[in-house]
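Shown next, in structure tokens, is the structure this report addresses.
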Ligand code: HT7
Ligand code: ZN
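Next up, the structure:
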């Protein structure tokens, strides 16, 4: 397959200032007529190349006359004599046969589009690249009874009825946009409507469109949308710009959602929420994704990307914006802890494996494979570091310059960094390495006391990654502080150190007591920090640090050091962890949600990430042993925490969420203690819960065990929710995540369940995706887990290559496992690569994983 390289970027040969699209919608055969105004860009004589994917031109006219054209592979090529022409094309496509869910497709009777990254070329011939900005007029007609609602980008301008039970609507979008932001939807939908008055006093009509039975589950999304609109005005000075903002929820979607101009299309999983069907995690995710897509209206739509190598320009920045928004809605500390947990689980793993790539990649085979944790989450960390270096006022001044200067254009990461330099008065030349170098930097920090002085030595290394064997030192903004071990008082103010050399030394004076180092506070840099802090010092910080993230981190490090020692067979002592957890549980000043995060042990896979060769069974055993010890040593405290937060009628507030969280963590520990009444307790919670958070947590606890209640809960859950696809996904997912030793076998049965289907990405991910991150089960020594994932992935590749390719990375981590497992994993990768007709999506992931 062809490789696209960043260095080959060339301006488009032809621009398209305007397009008029006319859709005769029909699931089996939709006729698409396009009229493009094209203008030659510069003094060349190259023909017009209109990209297509699986399209056949039924008519091609230039300036009103039939014209000569050729096909070059999937693309339509027309030689044009002048500087400006009108091109008309006509094609017929079949949305109901579109299982890839790219382009125009059908989902549960709704016709909808997904064009990012390269789906527009599956609808009509067009220069389908993000630096061609066009004004769109869209007319669509469809059978009125089946598709009473017709939506597109921009503002509605006209509608009417036709003969034969059909009707039509016309929409104009006044903002020039790239083709990836095009959208239309036709369906039998109803709206939860609202309005928002912008800061300049314009009223915007809001609509969350769903199928009628789901209407009652849309209030949370609508509320989140209004909060997001107000937040972007207040924090970034960004106002919405059209008269309407519509969101449509569909069940079949390759991703979370899509920011199409004025018409966001969402995976229904990130819109629908009510207490009976959505967990607190789901509620938070709905608000975060609604905010994310809304924020794209400026960071992505008004200012878009010049080419797909700049993807993090919109995605990293928008994730940073949505994370800041969510932090402002509740506990910022808890949000930061969760974001870092997510970053470590997905991005650090990606950066350490065969698919590692820079935040601004240099090449790709299939761009869909680059919607990764590196582009999104590491990209957000890169923006966060610049915000930290500049400080809030200068950062805001920089984003103002960025939005004003590049409004209506397709920009680059370099453009963004220059705005930061200009407003911040800083030189970010070396900082730019964050965009070009892959790999997670490692910092070692050692603190040596010498009388009233302490010397801190910081060293950095950046590990080699595919194609980048040698790395230059980076700029690492590290917030740090010293605390006195005796009094617990701060021995200095917090400092921001920019570590930009391989090694740097800092000296602290006037010390009156032994210092303890608090470093990378707030996770100011996305790096791995290794320190020589003792278990006693970590336990001390977990109780005294005034930065909540550093406090959490000290506890995690203490747990991790204990667990990795146990796995390696080195001497270890559970005592300090037990004492630290005891103290944290007893500290009534702490937010319950924070306590719940702090007392959770690192996951199996995060423990594995610390080892050169991962031994899944040894890790599982060590973690279970510590869990059991914590559970029994603190049995009374877990019971107290459970009881204190038990009488909890559903309310969606930070306090109520925190109470549910600590209660459910406590339930897990009660079960881990082996208490005889634990299954009954969990089952009672399962049956009596008035919300999905408590019900699913109880189910999860039971599913990890072997009680009679397990089967009863699974059956009851299935019976209650069999008609609700999103909740049924939880039923599948909870079983695929089970820590039991028979999970590999169980998922094979799940895949044969009548409700399992690969055609729905959420369902596929709920089994194959969840199983792939279940370290113990996926790495079953027999290799059956690998075979299962490879079989499913190959079957899915024929239906939906984008979704299939995203499930491959767990198989690519073979270098981290013992020789036998590695050989089995490689064998599956080789089988995948050798499969005839494999998509380029899966080919790229699998072949890179074998290199
Ligand atoms: N910008 C959106 C990306 C997206 C996407 C990418 C590939 C294939 C399908 C997709 N659906 C949406 C989502 C976002 O980051 O906001
Ligand atoms: Zn995005």
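Residue numbers (full-length UniProt numbering): 11 to 861. Virtual Cβ for every residue (Gly too), placed ideally from N, Cα, C.
query = Looking at residue 378 and the ligand HT7, is the gap between the Cβ and the nearest heavy atom below 6 Å?
reply = Yes; taking the cut-off as 6 Å, the Cβ of residue 378 has a heavy atom of the ligand HT7 nearer than that.
query = Out of 309, 139 and 90, which has the shortest C-alpha to C-alpha gap to residue 876?
reply = Because the chain here runs from 11 to 861, residue 876 falls outside it and cannot be looked at.
task = Evaluate contact between the region 396–415 and the region 360–380, counting only Cβ atoms and requiring at least three cross-stretch pairs below 8 Å.
result = These segments do not touch.
message = Given the structure, does residue 269 come close to the ligand HT7, in the sense that its CB is under 6 Å from one of the ligand's heavy atoms?
response = At least one heavy atom of the ligand HT7 sits closer than 6 Å to the Cβ of residue 269.
request  = Report back the beta-carbon spacing between residue 607 and residue 344 to the nearest angstrom; my notes put them in contact at under 8 Å.
outcome  = With a Cβ gap of about 6 Å, residue 607 and residue 344 count as contacting.
key: Selected residue, minimal CA-CA separation from residue 841, among 811, 363, 799 and 825   = Taking the Cα of residue 841 as reference, the smallest distance to any Cα among 811, 363, 799 and 825 is reached at 799.
inquiry  = Applying the 10 Å Cβ sphere with the 16-neighbour rule, what's the burial state of residue 434?
reply    = Per the 10 Å Cβ criterion, buried.
task = For residue 126, count neighbouring Cβ atoms within 10 angstroms of its own Cβ and tell me buried if that reaches 16, exposed if not.
result = With 16 or more other Cβ atoms within 10 Å, it is buried.
key: Residue interval of the beta strand (DSSP E) (run including residue 429)   = Element bounds for residue 429: not the beta strand (DSSP E) but the alpha helix (DSSP H), 423–434.
task = State the DSSP-derived secondary structure class of residue 97, mapped to helix, strand or coil.
result = In the three-state reduction of the DSSP assignment, residue 97 falls in the strand class.
inquiry  = Tell me whether the region 104–114 and the region 72–90 touch, counting them as touching only if at least three CB pairs, one residue from each stretch, are closer than 8 Å.
reply    = Counting Cβ pairs under 8 Å, fewer than three are found: no touch.
ask   = So which residues put a beta carbon under 5 Å from any heavy atom of the ligand ZN, going in chain order?
value = Working through the chain, the matches are 325 and 328.
query = Should residue 723 go down as buried or exposed, given a rule of 16 or more other Cβ atoms within 10 Å for buried?
reply = Around the CB of residue 723, 16 or more other CB atoms lie within 10 Å, so the residue is classed as buried.
task = Could you say which of 486, 498 and 461 lies nearest to residue 506 if we only look at CA atoms?
result = Checking every option, the nearest Cα to that of residue 506 belongs to 486.
message = Taking DSSP's pairing of strands, which residues face residue 817 in a bridge?
response = In the DSSP assignment, residue 817 forms no beta bridge with any residue.
task = Between the Cα of residue 65 and those of 51, 78 and 131, spot the shortest distance and give me the residue it belongs to.
result = Closest by alpha carbon: 131.
message = So the candidates are 511, 246 and 490; which of them puts its Cα closest to the Cα of residue 501?
response = The residue with the shortest Cα to Cα distance from residue 501 is 490.
ask   = When we look at the beta-carbon of residue 230 and count the other beta-carbons within 10 Å, is it buried (16 or more) or exposed?
value = Residue 230 is buried by the Cβ-count criterion.
message = Contact between the region 23–33 and the region 42–59 is defined here as three or more beta-carbon pairs at a separation below 8 Å; is this criterion met?
response = Yes, since at least three Cβ pairs between the region 23–33 and the region 42–59 fall closer than 8 Å, the two stretches touch.
request  = Assign residue 68 to buried or exposed, taking buried as 16 or more other Cβ atoms, counted over all protein chains shown, within 10 Å of its Cβ.
outcome  = With fewer than 16 Cβ atoms within 10 Å of its Cβ, residue 68 is classed as exposed.
inquiry  = With a threshold of 6 Å (Cβ to nearest heavy atom), would residue 265 be considered close to the ligand HT7?
reply    = When distances are taken from the beta-carbon of residue 265 to the heavy atoms of the ligand HT7, the shortest one is below 6 Å.
ask   = In its own chain, which residues sit with a C-beta less than 7 Å from the C-beta of residue 385, not counting the 5 before and 5 after it?
value = So the qualifying residues of the chain are 321, 322, 325, 326 and 369.
Beta-carbon spacing of residue 851, residue 815 below 7 Å = Going by beta carbons, residue 851 and residue 815 fall inside the 7 Å limit.
query = Can you tell me where the beta strand (DSSP E) with residue 205 in it begins and where it stops?
reply = It spans 200–207 - the beta strand (DSSP E) in which residue 205 sits, taken as one unbroken run.
Coil, strand or helix - residue 923 by DSSP = There is no way to answer for residue 923, as the model of the chain reaches only from 11 to 861.
inquiry  = So if DSSP puts residue 71 in a beta bridge, which residue, or which two residues, is it bridged to?
reply    = DSSP output for residue 71 lists 76 and 98 as bridge partner(s).
request  = Measure how close the beta-carbons of residue 442 and residue 427 come, nearest whole angstrom, since I'm counting them as under 8 Å.
outcome  = The beta-carbon separation of residue 442 and residue 427, rounded to 6 Å, stays under the 8 Å limit for a contact.
inquiry  = Would residue 289 pass as an interface residue toward chain D - the criterion being a Cβ-Cβ separation below 7 Å?
reply    = This model lacks chain D altogether; it includes just one protein chain.
message = I need the straight-line Cα distance from residue 204 to residue 154, nearest angstrom please.
response = In a straight line, the C-alpha of residue 204 is about 25 Å away from that of residue 154.
query = So what does DSSP say about residue 781, is it helix, strand or coil?
reply = Annotated three-state conformation of residue 781 is helix, per DSSP.
query = Taking the DSSP output, what are the residues bridged to residue 125?
reply = The bridge partners DSSP lists for residue 125 come to none.
Span separating the alpha-carbon of residue 698 from that of residue 763 = Pairing residue 698 with residue 763, the inter-Cα distance amounts to about 28 Å.
ask   = For the ligand HT7, is there a heavy atom less than 6 Å away from the beta-carbon of residue 381?
value = Checking the Cβ of residue 381 against the ligand HT7 gives yes.
query = Cβ atoms of residue 560 and residue 552: under 7 Å apart, would you say?
reply = Cβ distance not < 7 Å, so residue 552 and residue 560 don't count as in contact.
query = When we look at the beta-carbon of residue 54 and count the other beta-carbons within 10 Å, is it buried (16 or more) or exposed?
reply = Exposed.
ask   = When you compare each of 146, 731 and 810 to residue 286 by their alpha carbons, which one comes out closest?
value = Nearest neighbour of residue 286 by Cα position, chosen from 146, 731 and 810, turns out to be 731.
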